[in-house]
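Peer 1:
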Amino acid sequence: MKIYFINLDRSPGRLDWFMAQVAGMDVATVRVPAVDAKQLPEREFERLRCLSSGVNSMSPAEVACLLSHRKAWALVAEGDDDWAFVAEDDIHFSADAASFLKSDRWIPAGVDLVRAETDLARAELSHKTWGEPAGHELRRLKSAQLGSAGYFVSRTAARRLLGYTERHCEPADVILYSPERGILDELVVLQLMPAACIQDMWAPNATVGGSLTSQIAQDRRQFHRSDPRSARRRGIAKLTHEFWRVGRQLASPFRMALLATARQSVFKKVSIELTVRSDTQRAG
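One point on numbering: in our numbering, the residue at position 46 of the sequence shown is 46, and numbering is uninterrupted.
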């Protein structure tokens with residue numbers, strides 16, 4: 001099983017950070033040159049934005065991120081291995097991540113994708129466990145989650161993701177983990193608990209403003225401030241979002257209690273056990 005990690009040509013610090021983490025793991029790595037939003041042709045951006053639901057109002061950075069994941073999926077789909085690990089270059093691996101990266105034997109049959117990361121938030125998961133490899137739980141993911149920084153994907157699922165994103169353009173994590181605007185309900189997606197990796201923005205004691213800090217959120221805010229279409233929608237979109245957010249918050253405790261009582265779902269925060277690293281080991 002190979003690791004396909006996404007890295008911009010103009011981000012050598014992130015490359016050094018990622019390679020330092022996998023050094024000594026005895027795993028095969030393949031660098032996937034990321035699509036640079038600064039070099040994304042305007043015509044292609046507009047074509048892809050037309051494939052979006054409009055809910056996410058895709059920025060060039062988000063489109064480029066999705067295209068970068070598509071490059072990784074294409075390599076997986078064309079490869080000889082049944083499974084691969086796709087990663088973004090700003091993740092922190094857990095202390096025991098290597099045991100999952102060396103082989104796919106721990107992944108149950110009939111599974112399409114395993115979310116290996118966490119944003120430390122609560123997730124809705126199946127009451128049933130699908131396995132307990134190396135003391136970790138595997139449960140089916142049933143709720144939308146943030147982040148697309150680390151996941152195991154089967155060759156079959158990579159092909160389906162490529163086909164799906166020919167017709168849909170949303171942020172990569174929405175494509176992977178949203179039941180409404182993504183492919184979550186069409187695939188068997190498991191969550192690894194504790195997680196095997198975490199994106200730098202969520203990592204405890206991460207260096208704010210360091211070389212690993214994701215620029216996508218900042219680029220998105222800047223884009224929407226200057227994009228006339230985003231400006232026209234901002235008022236009503238915000239009101240609509242707040243309306244549904246409050247409604248979901250009010251209904252959530254009752255829904256959680258009902259599903260837990262019926263043994264349909266469990267609601268857990270996905271933890272991670274990180275290897276302790278000093279600041280001097282971070283990419284500079």
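Each residue gets a CB set at the ideal place from its N, CA and C atoms; glycine is no exception. Just so we're clear, the structure is a prediction, and the values are computed from it rather than from any experiment.
In the DSSP assignment, find the beta strand (DSSP E) that holds residue 132 and state where it starts and stops.
Peer 2: Segment: none, residue 132 is in no beta strand (DSSP E) and carries neither H nor E.
Peer 1: Could you give the uninterrupted runs of the beta strand (DSSP E) lying entirely in the stretch 132–175, keeping only those of 3 residues or more?
Peer 2: Complete beta strand (DSSP E) runs here, min 3: 137–141 and 150–154.
Peer 1: Should the stretch 90–107 be called in touch with the stretch 149–156, which here means at least 3 C-beta pairs below 8 Å?
Peer 2: In short, these stretches touch, since the Cβ pair count reaches three.
Peer 1: Whole-angstrom Cβ separation of residue 141 and residue 164, contact assumed at under 8 Å?
Peer 2: Contact doesn't hold; Cβ gap of about 17 Å is too wide.
Peer 1: Check the C-beta distance from residue 120 over to residue 190 and give it rounded, since I have them as a contact under 8 Å.
Peer 2: With a Cβ gap of about 18 Å, residue 120 and residue 190 do not count as contacting.
Peer 1: DSSP three-state label for residue 277, please.
Peer 2: Note that residue 277 has pLDDT 49, beneath the 50 cutoff, so the model's placement of it is unreliable and no number is given.
Peer 1: Can you list, in chain order, the stretches of the beta strand (DSSP E) that have 3 or more residues and sit fully within the stretch 58–97?
Peer 2: Runs of the beta strand (DSSP E) inside the stretch 58–97: 83–88 and 91–93.
Peer 1: Check each candidate in 2, 50, 24 and 31 and name the one with the smallest Cα separation from residue 8.
Peer 2: The option with the nearest alpha carbon to residue 8 is 31.
Peer 1: Strictly by DSSP, which residues pair up with residue 4?
Peer 2: Paired residue(s): 30 and 86.
Peer 1: Is the beta carbon of residue 265 closer than 8 Å to that of residue 126?
Peer 2: Going by C-beta atoms, residue 126 is nearer than 8 Å to residue 265.
Peer 1: Mind checking whether residue 48 and residue 169 have CB atoms under 8 Å apart?
Peer 2: In this structure, residue 169 lies closer than 8 Å to residue 48 by Cβ.
Peer 1: In three-state terms, what does DSSP make of residue 111?
Peer 2: Reduced to three states, the DSSP call for residue 111 is coil.
Peer 1: With distances taken between CB atoms, is the gap from residue 96 to residue 6 smaller than 8 Å?
Peer 2: Not a contact, by the Cβ cut-off of 8 Å.
Peer 1: I need the straight-line Cα distance from residue 83 to residue 69, nearest angstrom please.
Peer 2: Using only the alpha carbons, I get a separation of about 15 Å.
Peer 1: For residue 51, which three-state DSSP category applies?
Peer 2: Note: residue 51 maps to coil in three-state DSSP.
Peer 1: Starting from the C-beta of residue 130, find all residues in its chain whose C-beta is less than 8 Å away, skip the five residues before and the five after it, and write them out in chain order.
Peer 2: The residues are 108, 111, 138, 139, 140 and 190.
Peer 1: Quick check: the Cα distance between residue 98 and residue 85, rounded to an integer number of angstroms?
Peer 2: Approximately 11 Å between the Cα atoms of the pair.
Peer 1: What number of angstroms, rounded off, separates the C-alpha of residue 156 from the C-alpha of residue 174?
Peer 2: Rounded to whole angstroms, residue 156 to residue 174 spans 19 Å at the Cα level.
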